[in-house]
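41 is the number of the first residue of the sequence shown in the working numbering; add one for each residue after it.
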Amino acid sequence: MSDLEASSEQSNSLIKLTGNQENTILNKQFPIDRTDICNRGIGIYVGISMTMHCLCPPSYYGDRCQFQSQLVSLILQFSRMCETNCQEAFGIIITLIDQDNFIHDHEEITYTATYKYENKFFIYLLYKLRPRDMTKTYNIRIDAYNNINMSYHVSWILPVKFLFLPVNRISIYLTIPVYAISYVNNCSIYCDHGQCLTYVNNRNQYFYHCDSGWSDINCTVSYKCDCSLDSICLGHTNNQSICLCSLRKYE
């Protein structure tokens, strides 16, 4: 028998083996009483051995989705103060931060100003540790950027209260002002690599909007920005940069 014939016979054997495996999977009966084994998740069978695995929603974790996650459930709705023909688009960065400005989780959405349709955004933000550190304070920070010219616009701060609850639910309606918020010249805190600002919903609370490649409360911690040149680097988490892309690009 030649090498070519041997190779062909081996290939046919592999094909038959794969076909038998497919028939085994297709003919396998799945017990109905196991469909609820994942509690609030979705059960799937993986591999030839058809091992049960659970796909959990953000609000639950564990091999059977049996544990409730500590998280913030956020419902956001925006409106824009502008003329009737306003067609601006905003990149919105939502971060769950603690008192040290450490980012636990973040989400990015795009809001287009229109008077015909006001969309609601449903967002889950998870804490980095389980359980979360009850000695710290937590906030939701929302930063808005003009997605056309990539300029900074405004920020909001939302305190996370009632930490004894496993899930904090926050629903808020935010109005994006006509003009971007101005930098503060006489700031009560010091910073080398950022600009001092106030939150649009709390003008008595100062914070620093750090330059690209810098983080921490006073913008004193440097990091490597992996974002493209025409995007904005807004911090880092899980050893990855948080990038705000222009309107026609995505991560």
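Note that the Cβ used here is the ideal one computed from N, Cα and C, for glycine as well.
Skipping 5 residues on each side, what residues in its chain have a beta carbon closer than 7 Å to that of Gln139? Walking along the sequence shown from the start, residue 139 turns up at place 99. Excluding residues up to 5 positions away in sequence, Lys176, Thr177 lie with their Cβ nearer than 7 Å to the Cβ of Gln139 in the same chain.
What residues in its chain sit with their C-beta under 6 Å from that of Glu128, if we drop five residues either side in the sequence? As a working note, residue 128 is residue 88 in the sequence shown. Non-local C-beta neighbours of Glu128 in its own chain, meaning closer than 6 Å and more than five positions away in sequence, comprise Ala153, ordered along the chain.
Of the residues Asp183, Ile229, Asp145, which one's Cα is nearest the Cα of Leu169? Position 129 of the sequence shown, counting from 1, holds the residue named residue 169. Among Asp183, Ile229, Asp145, the Cα nearest to that of Leu169 belongs to Asp145.
My understanding is that Cys259 touches Asp232, with C-beta atoms under 8 Å, so please give their C-beta distance in whole angstroms. Stepping through the sequence shown from its first residue, residue 259 is reached at position 219. Stepping through the sequence shown from its first residue, residue 232 is reached at position 192. The C-beta distance from Cys259 to Asp232 rounds to 7 Å, short enough to meet the 8 Å contact threshold.
So, for Ser99: in the same chain, excluding its five sequence neighbours on each side, which residues have a beta-carbon less than 8 Å away from its beta-carbon? Taking the sequence shown and counting its residues from 1, one reaches residue 99 at position 59. Closer than 8 Å at Cβ, skipping near neighbours: Arg80, Gln108, Ser109, Leu111, Ser113, Tyr164, Val207.
Assign Gly83 to one of three DSSP states: helix, strand, or coil. Residue 83 sits at position 43 when you count from the first residue of the sequence shown. DSSP places Gly83 in strand when its eight states are reduced to three.
Measure from the alpha carbon of Ile180 to the alpha carbon of each residue in Ile210, Tyr192, Trp254, Cys105, then state which is nearest. Here residue 180 is taken as the residue at index 140 of the sequence shown, counted from 1. It is Ile210.
CA-to-CA distance, Ser286 to Cys227, given in whole angstroms: Stepping through the sequence shown from its first residue, residue 227 is reached at position 187. Stepping through the sequence shown from its first residue, residue 286 is reached at position 246. Whole-angstrom Cα-Cα distance: 31 Å.
According to the neighbour-count rule (16 or more other Cβ atoms, all chains shown, within 10 Å of its Cβ), is Leu198 buried or exposed? Here residue 198 is taken as the residue at index 158 of the sequence shown, counted from 1. Classification for Leu198: buried.
For Leu95, count the other beta carbons within 10 Å of its own beta carbon; 16 or more makes it buried, fewer makes it exposed. Which is it? As a first step, residue 95 is located in the sequence shown; it is residue number 55 there, counting from the start. Leu95 should be labelled exposed.
Go ahead and pull the three-state DSSP assignment for Ala153. Stepping through the sequence shown from its first residue, residue 153 is reached at position 113. Coil at Ala153, not helix or strand.
Hey, how far is the Cα of Gly26 from the Cα of Tyr192? Beyond the ends of the chain as shown, which are 41 and 291, falls residue 26; an answer cannot be given.
Please name the residue in Asn242, Leu237, Leu205 whose C-alpha comes closest to that of Leu214. The sequence position of residue 214 within the sequence shown is 174, counting from 1. It is Asn242.
Taking the alpha carbon of Arg104 as the point to measure from, which residue in Ile84, Arg120, Leu116 has its own alpha carbon closest? On the sequence shown, residue 104 is found 64 positions in, with the first residue counted as 1. Checked all of Ile84, Arg120, Leu116; the closest Cα to Arg104 is Ile84.
Taking the beta carbon of Thr91 as the centre, do at least 16 other beta carbons fall within 10 Å, making it buried, or is it exposed? Within the sequence shown, the letter at position 51 stands for residue 91. With fewer than 16 Cβ atoms within 10 Å of its Cβ, Thr91 is classed as exposed.
Range covered by the beta strand (DSSP E) that runs through Ile272: Taking the sequence shown and counting its residues from 1, the one referred to as residue 272 is at position 232. Ile272 -> beta strand (DSSP E) spans 272-277.
Terminal residues of the continuous beta strand (DSSP E) containing His249? On the sequence shown, position 209 is the one that residue 249 refers to. Unbroken beta strand (DSSP E) run through His249: 242-250.
Ser119 versus Thr277: straight-line alpha-carbon distance, rounded: As a position in the sequence shown, residue 119 is number 79, starting the count at 1. As a position in the sequence shown, residue 277 is number 237, starting the count at 1. Distance between the alpha carbons of Ser119 and Thr277 is about 29 Å.
Mind checking Leu269: buried by the 16 CB within 10 Å criterion, or exposed? Counted from its first residue, the sequence shown places residue 269 at position 229. With fewer than 16 other Cβ atoms within 10 Å, it is exposed.
Beta strand (DSSP E) segment containing Val293, residue limits: No statement about residue 293 is possible, as the shown extent of the chain runs from 41 to 291 and does not include it.
Exposed or buried, what is Tyr230 when buried is set at 16 or more other beta-carbons lying within 10 Å of its beta-carbon? What you label residue 230 is simply residue 190 of the sequence shown in a count that begins at 1. Tyr230 should be labelled exposed.
Can you give me the start and stop residues for the beta strand (DSSP E) that Phe162 sits inside? By 1-based counting over the sequence shown, the position of residue 162 is 122. For Phe162, the enclosing beta strand (DSSP E) begins and ends at 160-166.
Which residue comes first and which comes last in the beta strand (DSSP E) that contains Phe142? To locate residue 142, count along the sequence shown from 1; it is residue 102. Phe142: not part of any beta strand (DSSP E); DSSP gives it neither H nor E.
Within 10 angstroms of its Cβ, does Phe247 collect 16 or more other Cβ (buried), or is it exposed? If you number the sequence shown from 1, residue 247 lands on position 207. So Phe247 ends up on the buried side.
Relative to the C-alpha of Tyr223, which residue among Cys236, Asn186, Ile188 is closest? Along the sequence shown, read from residue 1 onward, the residue named residue 223 stands at position 183. The option with the nearest alpha carbon to Tyr223 is Cys236.
Using the three-state DSSP reduction, which class does Val194 fall into: helix, strand or coil? Indexing the sequence shown from 1 puts residue 194 at position 154. Assigned with DSSP and collapsed to three states, Val194 falls in strand.
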